[in-house]
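Take a look at the structure below.
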Amino acid sequence: MKSGFLLKIAVLLLAMTCVTSMSAAQLNSGAQPIALNATLAESLTLNLSANAVNFTLAAGNANNPGSANITATTTWVLQPGRTAVAVYAYFANSAAALTDGAPGDNIPSANFFIADNGGASTALTNTVAFGGANAGLRLANVAITNANRSSSRTDAMAFNINLASLPQLPAATYTGTLNIQAQATP
Amino acid sequence: MSYRSQIVRITAVCVLMAAAGSVPSRAQVLNSAARPISLQAVLNDSITVNLSSNAVNFNLVRGSANNPGDRSITATTIWTLTPLIGFVRTYAYFSSSAAALTDGAGNNIPSADFQISDNGGAFQPLNTTVPFGGANAGRRLFNQFIFINNRIGTHTDVMTFNINLAPFPNLPANNYTGILNIQAQAF
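Here you go:
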């Protein structure tokens, strides 16, 4: 009698276990999607190693070098589709890159020269993406591919003011602002 | 058109619109900030005098008022000045009025007996006090007021020379030497 009772309990427990395991294997919830959106914004920055250059001019002299070179470091992180990064130097006005403030006492941008990374000294006489007409110079143009969408470059600039064509420039202190700026296209 | 195909078409349109919405940011240029470099260029005042020659000889005649030099000398004064400069002047002078020329033995020709004719003008003795040299040992050759229109300029002084020995009838025969200076000043 006692052994029969124990047998019944064992059979009942076995049946309950089977029912539990059968229902766990077949019951799934629905998949709940989570939309993910990660944006790496484009960036294009340009930093300068210094922001001032002085010149001691000699009247009528072609060679009046700046007191220091300045290095422009352009850094970019670009989306696919960009094809080029260009770096420009420019003045706001080609006729008066530097001036003493008196009427007509100006040094034009055509008399201001930059040698980029040891290259030839070149006048700022082109119309570029920024600044005044005929007041700029493209320092660099980097083609962008998958290999350099995130990259940087440096432009070490040496400066000169050529006064050979301005023999009548009066003695004075001439000041001006040269801008360096980069642009990614398209 | 079935309900299923309508759903597919609407979905396709939505996908295209979403894709189109991401394009404009690529089509526009991306500019960095402009970084300014301050430039300062100083063209200092300058004034120089150049001479066409630097030696003159005289054959003296005792007691004679006319002992011309063997050549003329042209002094060219060149200046580049700020607007604050008021005058440019060029001077001729000796360091001592008593002994413009000397034989080194105590026999001297004073500056008052040394004469310059500037640009064809009358001969003038060097007997005034100028900013350079000894007292009463100089003469101003040139005086120019500087304004906006002539802050940069040049001027030439063609100088002819004479030594007047009329006051020195007893000057000993000897070789007399001296230094005449030509100098300009802007102020």
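Listed in order, the protein sequences are those of chains C and U. Position one of the first sequence corresponds to residue 640 (the numbering used here), numbered consecutively onward. Position one of the second sequence corresponds to residue 65 (the numbering used here), numbered consecutively onward. A virtual CB, placed ideally from N, CA and C, is assigned to each residue, including glycine.
Taking Cβ to Cβ, would you say residue i is nearer than 8 Å to residue j?
{"i": "Y727(C)", "j": "A701(C)", "result": "no"}
{"i": "A97(U)", "j": "L817(C)", "result": "no"}
{"i": "I800(C)", "j": "N750(C)", "result": "yes"}
{"i": "T713(C)", "j": "I783(C)", "result": "no"}
{"i": "A797(C)", "j": "G699(C)", "result": "no"}
{"i": "L687(C)", "j": "W715(C)", "result": "no"}
{"i": "L107(U)", "j": "Y813(C)", "result": "yes"}
{"i": "D182(U)", "j": "L205(U)", "result": "yes"}
{"i": "S159(U)", "j": "P174(U)", "result": "no"}
State yes or no: is the beta carbon of residue i nearer than 8 Å to at least one beta carbon in chain C?
{"i": "I246(U)", "result": "no"}
{"i": "R101(U)", "result": "In the sequence on display, residue 101(U) carries Ile and not Arg. Closer than 8 Å to some Cβ of chain C, the Cβ of I101(U) qualifies, so yes."}
{"i": "V125(U)", "result": "no"}
{"i": "N108(U)", "result": "yes"}
{"i": "T141(U)", "result": "no"}
{"i": "T312(U)", "result": "There is no way to answer for residue 312(U), as the model of chain U reaches only from 65 to 251."}
{"i": "V93(U)", "result": "yes"}
{"i": "G85(U)", "result": "No answer about G85(U) holds up, because its pLDDT of 41 lies below 50 and its placement is not dependable."}
Pick out whichever of the options has its Cα sitting closest to the Cα of residue i.
{"i": "P719(C)", "options": "G743(C), S789(C), L685(C), S688(C)", "result": "S789(C)"}
{"i": "F752(C)", "options": "G740(C), Q822(C), Y729(C)", "result": "Y729(C)"}
{"i": "I216(U)", "options": "Q104(U), V152(U), N131(U)", "result": "V152(U)"}
{"i": "D755(C)", "options": "T816(C), S682(C), T710(C)", "result": "T710(C)"}
{"i": "D794(C)", "options": "A691(C), N693(C), N708(C), D744(C)", "result": "N708(C)"}
{"i": "D134(U)", "options": "W143(U), T141(U), F122(U), N183(U)", "result": "F122(U)"}
{"i": "T138(U)", "options": "T192(U), M223(U), N130(U), I101(U)", "result": "M223(U)"}
{"i": "P806(C)", "options": "M796(C), N780(C), I746(C), T812(C)", "result": "I746(C)"}
{"i": "T112(U)", "options": "P233(U), Y240(U), T218(U)", "result": "T218(U)"}
{"i": "Q247(U)", "options": "N228(U), T241(U), A230(U), D221(U)", "result": "D221(U)"}
{"i": "P825(C)", "options": "D739(C), G669(C), A725(C), A786(C)", "result": "A725(C)"}
{"i": "N226(U)", "options": "S161(U), T146(U), G150(U), P189(U)", "result": "P189(U)"}
{"i": "A230(U)", "options": "D109(U), T166(U), N131(U)", "result": "N131(U)"}
Where do the N-terminal and C-terminal ends of the beta strand (DSSP E) with residue i fall, by residue?
{"i": "R215(U)", "result": "Note, R215(U): premise wrong, no beta strand (DSSP E); not H, not E."}
{"i": "L817(C)", "result": "811 to 824"}
{"i": "G202(U)", "result": "202 to 209"}
{"i": "N693(C)", "result": "691 to 696"}
{"i": "R721(C)", "result": "Note, R721(C): premise wrong, no beta strand (DSSP E); not H, not E."}
{"i": "I791(C)", "result": "Checking the displayed sequence, the identity of residue 791(C) turns out to be Ser instead of Ile. S791(C) -> beta strand (DSSP E) spans 789 to 800."}
{"i": "A105(U)", "result": "99 to 107"}
Going along chain U, which residues have a C-beta under 8 Å from residue i?
{"i": "A784(C)", "result": "The sequence as given places Thr at residue 784(C); Ala does not occur at that position. Correct list: empty, because the minimum Cβ distance to chain U is about 15 Å."}
{"i": "T694(C)", "result": "The sequence given here places Phe at residue 694(C); Thr does not occur at that position. Correct list: L103, Q104, A105, V106."}
{"i": "I753(C)", "result": "Ordered by position in chain U, no residue passes the 8 Å Cβ test against I753(C), which lies about 10 Å from the chain."}
{"i": "N690(C)", "result": "R99, P100, I101, S102"}
Check whether chain U comes within 8 Å of residue i, counting only Cβ atoms and requiring the distance to be less than that.
{"i": "A663(C)", "result": "Reliability of the predicted coordinates at A663(C) is poor, the pLDDT of 43 falling under 50, and the value obtained from them is presented with this limitation in mind. No, because no Cβ of chain U sits closer than 8 Å to the Cβ of A663(C)."}
{"i": "N580(C)", "result": "Residue 580(C) is absent from the structure shown; chain C starts at 640 and stops at 825."}
{"i": "P809(C)", "result": "yes"}
{"i": "T814(C)", "result": "yes"}
{"i": "L817(C)", "result": "yes"}
{"i": "S660(C)", "result": "Confidence at S660(C) is low in this model, with a pLDDT of 44, below 50, so the placement of that residue should be treated as unreliable; the coordinate-derived value is given next. With 8 Å as the cut-off, S660(C) does not count as an interface residue toward chain U."}
Mind pulling the chain C residues with CB within less than 7 Å of residue i?
{"i": "N213(U)", "result": "The premise fails here: N213(U) is roughly 10 Å from chain C at the closest Cβ pair, so nothing lies under 7 Å."}
Could you list which residues in chain C have their beta carbon closer than 8 Å to that of residue i, in chain order?
{"i": "S96(U)", "result": "L683, T684, L685, T713, Q820, A821, Q822"}
Should residue i be flagged as near chain D, meaning a C-beta pair shorter than 8 Å?
{"i": "I216(U)", "result": "Within the model displayed, chain D is absent; protein chains C and U are what it includes."}
Can you pull the chain U residues whose beta carbon is under 9 Å from the beta carbon of residue i, in chain order?
{"i": "L778(C)", "result": "By Cβ distance, chain U contributes nothing, its closest Cβ being about 12 Å from L778(C), past 9 Å."}
Could you work out which residues of chain U lie near residue i, taking near to mean beta carbons separated by less than 7 Å?
{"i": "A698(C)", "result": "L107, S110, T144"}
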